[in-house]
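Novice: My numbering numbers the first residue of the sequence shown as -13 and each following residue consecutively.
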Amino acid sequence: MGALIILSLVVGVTMMTLNAKADSGYTVVKKIVGNNPNSAYHLTNKSKNVYLWNSQHTKVKANLKHYKNYSWRYYDQSVILSHNSKKSVYYYVQGITPNGNEGSKLQGIIWHGHLTPGVNPNYKQLNNINYRYFNTDTEYLNYIKKSPSQKLTREVLKLFPNTQLSIKLTKAANGASPWAWSSPTVDGYKNILEFPTVQRYFNKRFYKPSISDNTRFKLIKDGLDKSYSQTKRSALNQYQIGIYYYNNPHRLIDDEAPGFTIAVPN
-13 MGALIILSLV VGVTMMTLNA KADSGYTVVK KIVGNNPNSA YHLTNKSKNV YLWNSQHTKV
47 KANLKHYKNY SWRYYDQSVI LSHNSKKSVY YYVQGITPNG NEGSKLQGII WHGHLTPGVN
107 PNYKQLNNIN YRYFNTDTEY LNYIKKSPSQ KLTREVLKLF PNTQLSIKLT KAANGASPWA
167 WSSPTVDGYK NILEFPTVQR YFNKRFYKPS ISDNTRFKLI KDGLDKSYSQ TKRSALNQYQ
227 IGIYYYNNPH RLIDDEAPGF TIAVPN
């Protein structure tokens, strides 16, 4: 079993032919499995009937027009179905709720043409979406500007007015890894700046989860002012900033450390 997993990772994409015939007249021709589960899609058209099916395309599990503010996690698994001699590609997806819950019971297959890459763009209705699902700086910045959960992030970015937000750096740094504070390294970046005295205030699991974002921001700003003045921060125009924050401590997982990292791309 272990050898098969390793082989799958080396090859990248594994295909296996299935011969299960669906009662609805659809035949499962081929299943395609990749190894990149961290991508999100949203509906191309939110007003039309779009159906989520079980894996054999025999039962409708949900009409997705009733879930307009969901995003859809794509597990890099798809299936080719044949119907009336025509073949179609369906994606295996799972719902990501507007509040960032990735454990939604809504999961199944959907015709790929109903989906557009990226998180649902109705950012005003979204909270605590995992940064891994954003593809571009513009998408991530729009989410930060509009999401109710990102008030603290917006205020911290103002402290670095000439530093460009980077989703690439956010992903590369995985937030602000506490184990790297003593000797920070981030692949693809140099001149890394970490601020360990203020990073802890980002993490609601480890620092006073009940305090408000306003109080949390004041602690961050006061700490930065003591260690790295606003004049210095404003001069970081050659730098990029990776940052993320969950205002719900129950959304955090063990290998994530909310905070920010500032660095120059190589």
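Each residue gets a CB set at the ideal place from its N, CA and C atoms; glycine is no exception.
Can you tell me the Cα-Cα spacing of A48 and N35, whole angstroms?
Specialist: Approximately 10 Å between the Cα atoms of the pair.
Novice: Answer yes or no: do T247 and I178 have a C-beta to C-beta separation smaller than 9 Å?
Specialist: For T247 and I178, yes; Cβs fall inside 9 Å.
Novice: Is the segment 73 to 87 close to the segment 95 to 115, with three or more CB pairs under 8 Å?
Specialist: At 8 Å Cβ cutoff, the stretches touch.
Novice: Helix or strand or just coil, what does DSSP make of Q216?
Specialist: It is helical.
Novice: Under 8 Å by Cβ, that's how I've got S33 and K17 pegged, so tell me the actual separation to the nearest angstrom.
Specialist: Contact doesn't hold; Cβ gap of about 31 Å is too wide.
Novice: How should N252 be labelled, buried or exposed, when 16 other C-beta atoms within 10 angstroms of its C-beta is the threshold for buried?
Specialist: Answer is exposed; the Cβ neighbour count stays below 16.
Novice: Closest by CA to T156, which one among L145, D173, E141 and N148?
Specialist: Nearest C-alpha to T156: D173.
Novice: According to DSSP, is L155 helix, strand or coil?
Specialist: Correct three-state label for L155: helix.
Novice: Tell me which residue opens and which closes the alpha helix (DSSP H) that K131 is part of.
Specialist: Looking at the DSSP string, the run of the alpha helix (DSSP H) that includes K131 is D123 to K132.
Novice: Three or more C-beta pairs closer than 8 Å, one from the segment 112 to 121 and one from the segment 181 to 198: is that the case here?
Specialist: No contact exists between the segment 112 to 121 and the segment 181 to 198.
Novice: Classify H52 as helix, strand or coil using the three-state DSSP reduction.
Specialist: Here H52 sits in helix by DSSP.
Novice: Kindly give me the distance between the Cβ atoms of Y225 and A249, rounded to whole angstroms, as I take these residues to be in contact under 8 Å.
Specialist: The Cβ separation is near 6 Å, so the contact holds.
Novice: Once the 5 residues before and after T183 are set aside, which same chain residues still bring their CB inside 7 Å of it?
Specialist: Closer than 7 Å at Cβ, skipping near neighbours: G209 and S213.
Novice: What would DSSP say about N177, mapped onto helix, strand or coil?
Specialist: Correct three-state label for N177: strand.
Novice: Is it buried or exposed, H69, if we count other Cβ atoms within 10 angstroms and call 16 or more buried?
Specialist: It is exposed - the Cβ of H69 has fewer than 16 other Cβ atoms within 10 Å.
Novice: Can you tell me where the alpha helix (DSSP H) with Q111 in it begins and where it stops?
Specialist: Careful: Q111 lies outside any alpha helix (DSSP H) and carries neither H nor E.
Novice: Report buried or exposed for S142, applying the criterion of at least 16 other Cβ atoms within 10 angstroms of its Cβ.
Specialist: The question names Ser, but residue 142 in the sequence shown is Val. So V142 counts as buried.
Novice: Quick one, which of S25, Y53 and I227 has its alpha-carbon nearest Y37's?
Specialist: Nearest of S25, Y53 and I227 to Y37, Cα basis: Y53.
Novice: Expressed to the nearest angstrom, what Euclidean distance is found between the alpha-carbon atoms of Y61 and V79?
Specialist: Answer to the nearest angstrom: the Cα atoms are 6 Å apart.
Novice: Assuming R118 is part of the alpha helix (DSSP H), what are its boundary residues?
Specialist: Unbroken run through R118: none, as it is neither H nor E.
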